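> Chains as they are written, first to last, in the numbering used here: chain F, 1 to 485; chain E, 486 to 588; chain C, 589 to 759.
Heads up, the beta-carbon is just placed ideally off N, CA and C, and yes, glycines get one too.
Keep in mind that this is a model prediction, so the values were computed, not measured.
Quick one: the structure is below, and I'll ask about it shortly.
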Amino acid sequence: MNLRFDIMIPELFLFGWAIVVLTADLFFIKEKKNALLYMSQFGFLAAAALVIFTPTGPNEVGFGYMFYNDTFASFFKIVILLAGFMAVSSSFEAVQKSIEHKGEFFGLVIMSAVGMMFLVSSTELVSLYVALELSTIPLFILTAFQKRYLKSSEAGLKYLILGALSSALLLYGMSFMYGMTGTTVLLAGSITMLLNSANVHYGLVLSLVLVVAGLGFKLALVPFHMWAPDVYEGAPTPITSYLSVASKAAGLAALTRIVYGFYTVGTAAEYWGILIAILAALAMIIGNFAALLQSNIKRMLAYSSIAQAGYILVGFVAASQLGLSGISIYIFAYLFANMGAFAIVVAVDHKLNSDRIEDYAGMARRSPLIAVCMTIFLLSLAGIPPTAGFIAKYKVFMAAIENGTLFWLVMIAVATTVVSIFYYARVIKEMFITEREVESSESKWILSSPITIAILVGLIGTLIIGIYPEPFLELASTVTQSFVY
Amino acid sequence: MQVELIHFLCLAAILFGIGLYGVLTRRNAIGILMCVELMFNAVNINFISFAKFITPDKIIGQVFAVFVIVIAAAEATVGLAIVILIYRNFKDVFIDKMNIMKW
Amino acid sequence: MLEGSTAIAFYIISFVMILSAIAVVTLKNIFHAALFLVLTLFAVAALYILLSAEFLAAVQVLIYVGAISILMIFAVMLTAQLTNYNIKQTNEQSLPALLISVCFIGITIFAIATNNKLGGFPIKENTEIAGSNTANLGQLLMRDFILPFEVVSVLLLAALIGAIVIAKRDN
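Rendered as structure tokens:
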């Protein structure tokens, strides 16, 4: 046993900070509760800084492989913390409007982030499962946090039931992984020796299908996506954005740990590629076509995020250094664009009390800056240059082409990207072209400073990666070091 | 009569399948949660029988089962809190009567 | 491998477990279903004793039977109209659901059996566990699995806070 507390300082700090926020809640009078938001922002940024200064590498292993701080983990931690920072920043209006227990709200967001950070560092099944649940149980609660809205409570219940079901499937798959090897450590070296060579095909396929189904629920992959639009629509919008980025990134990290750690060994390697490729194709097709039909922007972004998970899986199937670094850059681009778009949805919801796409009509006249920002975010999600989304899609598709056998998947990806342009463009068209009577009493919109920060961070990230991607590509290529092919 | 690992695994598979049937057919949130508990129990049977037959010298399976039980309890608590919230505010716990949102 | 009387006990327990589990998923009255859940959980606890996991059998009775099921029964009784016989408790998908579950069970058992026949599960011949099982479990929890043990306490704190906030009556 090696008790390496030094490599988990960011997690320990963030958990301590959650307790500080929860305690501070008791000492602030009602009018001063905004301070909790600033405290949470600080917590996320400070933890991100700590992650940068924490040593990474193959030797930074603690607690018998239950905590492994490789570059992969610390990259995902930065993504999760940035997503948390932007979600908290964009929650200023929503919290004032419909959240009663502010201290608990921020405390639970931070605890969920702690769970995700442990999750991306786990290379062992028990700690992976516990961390996964630590990241999702606060999210069930946060989804149901607007207690006066039936939609929110109902979304929370639906999310909880499907979350529990997916945990059961995942655990059932994990039990077979353990049964076939006698170990729970997800490390290629130890598994190769234990896995009883050629005779485990059936057990491997069974456990693989169950594990992918279980994580497929968490990642909202088709056909396990039914919960996502409802939960995304019902949850408080900042939580929706957090769900769509941080929870997806953490789930993807868990899938990477399990599939690359366990199923790439010996005979297991033959199976997962085709399964994940089919899931990717389904996610891209169903996600994009269903998004075309939506009239509520949160539901549209929910289906769009289902489709985005499909594009990420295209890089995942490529199973190469290129593929993994493509995924990393994709998640980074998706983080900024999606969080930014959701921050604007929060702002519009606050001003107009509506999530309907028609109500975005005339936005360009009402508040040109917001309309331009939203356009950039949507273009990035669609993958149009000069935004980050273009670089990301390009990298992922190139990795899949290089693989040689995945040309059909790339064709589907490109075709569905074209489809996706239609629904993103529809919002842009509403904002810039559709005329709308603007009441003279409507003044210019002035946004609160936290939400402006969230939009600005998203904007800067999207444009910098789009225009000057080299340093980010370099960073992304270091992420894959701990995975050997 | 002999009972081996495979018998326990088959029993767990049947229990898991029954739970799955319940999740798919129950209309009531509490009912669905009960069926999910059946599935968690099937998983635990799997873990504990693997612990006995595969790794008797290091019973990791039992440790896993402890965590599953703890987390199932936490999940059930949160689930029932939400059920009670919905019942108190909206007087209904049937999942497919709650159709403000479509499935 | 279990033989003789323990094998007979296994079959009796399995029989009780499967029948009561079927009752849990099919009974019209949700309160009766909850009571059968208690019976199923007891049967699982008995199975744990056969698998020489005495501590887990006790935990199963204390936490599952003593806490979770009681919580469920409380929730059923608080939402009292549910015990009404006239309310339909199942939806219209029972036939496809039956098909899915039977297929699931069939495929899973086929995969397990084939895997087992090909020697995919590395069964140790000597299945007698050395020393006290409970002591082994405690040492594993406190030594090898100390990290998830600590993380799960954070999880319990989060669930506690969340359940209170959600179920609390606001004015």
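Could you give the uninterrupted runs of the beta strand (DSSP E) lying entirely in the stretch 595-650 of chain C, keeping only those of 3 residues or more?
none
> So for Phe224(F), helix, strand or coil by DSSP?
coil
> How would you label Met374(F), buried or exposed, when you count the other beta carbons within 10 angstroms and need 16 or more for buried?
buried
> So that I know if they touch, is there some Cβ in chain C lying closer than 7 Å to that of Phe538(E)?
yes
> Quick one: which chain E residues come within Cβ less than 8 Å of Thr667(C)?
Ile515, Val568, Ile569, Tyr572, Val578
> Return helix, strand or coil for Phe145(F), following the three-state DSSP convention.
coil
> Label Glu402(F) either buried or exposed according to how many other C-beta atoms from any shown protein chain fall within 10 Å of its C-beta, with 16 as the threshold for buried.
If you draw a 10 Å sphere on the C-beta of Glu402(F), you find fewer than 16 other C-beta atoms in it, and that means exposed.
> Determine the burial state of Asp542(E): buried for a count of at least 16 other Cβ atoms within 10 Å of its Cβ, exposed for fewer.
With a 10 Å radius around the Cβ and a threshold of 16 neighbouring Cβ atoms, Asp542(E) comes out exposed.
> Below 7 Å between beta carbons is the criterion; list the residues of the stretch 598-627 of chain C that meet it against any residue of chain E, in chain order.
Against chain E - using a Cβ distance shorter than 7 Å - the residues of the stretch 598-627 of chain C are Phe598, Ser602, Met605, Ile606, Ala609, Ile610, Val612, Val613, Ile618, Ala621, Ala622, Leu625.
> Which residues, in order along the stretch 544-564 of chain E, keep a beta-carbon less than 7 Å from a beta-carbon of chain F?
Ile545, Gly546, Val548, Phe549, Phe552, Val553, Ile556, Ala559, Glu560, Val563, Gly564
> Which of the three DSSP states, helix, strand or coil, is assigned to Gln487(E)?
strand
> Mapping the DSSP letters down to three states, classify Gly750(C) as helix, strand or coil.
Taken through DSSP and simplified to helix, strand or coil, Gly750(C) comes out as helix.
> Would you call the CB atoms of Ile329(F) and Ala399(F) closer than 7 Å?
no
> Distance, Cα to Cα, Ile421(F) vs Gln681(C)?
37 Å
> Taking buried to mean at least 16 other C-beta atoms within 10 Å of its own C-beta, is Phe709(C) buried or exposed?
buried
> Given that Leu518(E) touches chain A, what residues does it touch there, using C-beta distances under 9 Å?
Annotation note: the requested chain A is absent from the structure, which comprises protein chains F, E and C.
> List, in chain order, every chain F residue whose beta-carbon is nearer than 9 Å to that of Phe591(E).
For residue 591(E) there is no data in the structure shown, the boundaries of chain E being 486 and 588.
> What residues match up with Leu590(C) in a beta bridge as DSSP calls it?
Val488(E)
> Starting from the C-beta of Leu255(F), find all residues in its chain whose C-beta is less than 8 Å away, skip the five residues before and the five after it, and write them out in chain order.
Val212, Leu215, Leu219, Phe316
> Leaving aside the five residues before and after Thr417(F) along the sequence, list all residues of the same chain whose C-beta is less than 6 Å from its C-beta, in chain order.
Gly383
> Does the beta carbon of His225(F) sit closer than 7 Å to a beta carbon anywhere in chain C?
no
> Residues of the stretch 692-704 of chain C in Cβ contact with chain E at a cutoff of 8 Å, in chain order, please.
Phe692, Ile693, Thr696, Ile697, Ile700, Ala701, Asn704
> Could you pull the DSSP bridge partners for Val61(F) from this structure?
According to DSSP, residue pairing for Val61(F) in a beta bridge involves Tyr68(F).
> Compute the beta-carbon to beta-carbon distance between Val21(F) and Ile110(F), rounded to the nearest angstrom, for a pair I have assumed lies under 8 Å.
6 Å
> For the alpha helix (DSSP H) holding Tyr360(F), just list the boundary residues, first then last.
Segment: none, Tyr360(F) is in no alpha helix (DSSP H) and carries neither H nor E.
> Taking the straight line between their C-alpha atoms, what separation do you get for Phe5(F) and Ile734(C)?
12 Å
> Give me the DSSP bridge partner(s) of Val508(E).
Answer is none; Val508(E) lacks a bridge partner.
> How big is the Cα-Cα spacing for Ala164(F) and Pro368(F)?
44 Å
> With a CB to CB cut of under 6 Å and the five nearest residues on each side skipped, what residues in its chain are close to Val222(F)?
Leu282, Ala283, Ile286
> Which whole-angstrom value is the C-beta distance of Ala155(F) and Asp70(F), which I expect to be below 8 Å?
The Cβ separation is near 35 Å, so there is no contact.
> Can a CB atom of chain F be found closer than 7 Å to the CB of Phe493(E)?
no
> In terms of residues, what are the limits of the alpha helix (DSSP H) holding Arg356(F)?
Segment: none, Arg356(F) is in no alpha helix (DSSP H) and carries neither H nor E.
> With distance defined between alpha-carbon atoms, name the residue in Val130(F), Leu456(F), Leu301(F), Met339(F) nearest to Val742(C).
Answer by Cα proximity: Val130(F).
> So with Cβ pairs under 7 Å, would you call Pro710(C) a contact of chain F?
Output row for Pro710(C): interface = yes.
> Chain F partners of Val488(E), CB-CB under 9 Å?
Near Val488(E) there are no residues of chain F at all, since even the closest Cβ is about 17 Å away, more than 9 Å.
> Within 7 Å of any Cβ in chain E, is that where the Cβ of Ala247(F) sits?
Looking at the sequence provided, one finds Ser at residue 247(F) rather than Ala. It does not; no Cβ of chain E falls within 7 Å.
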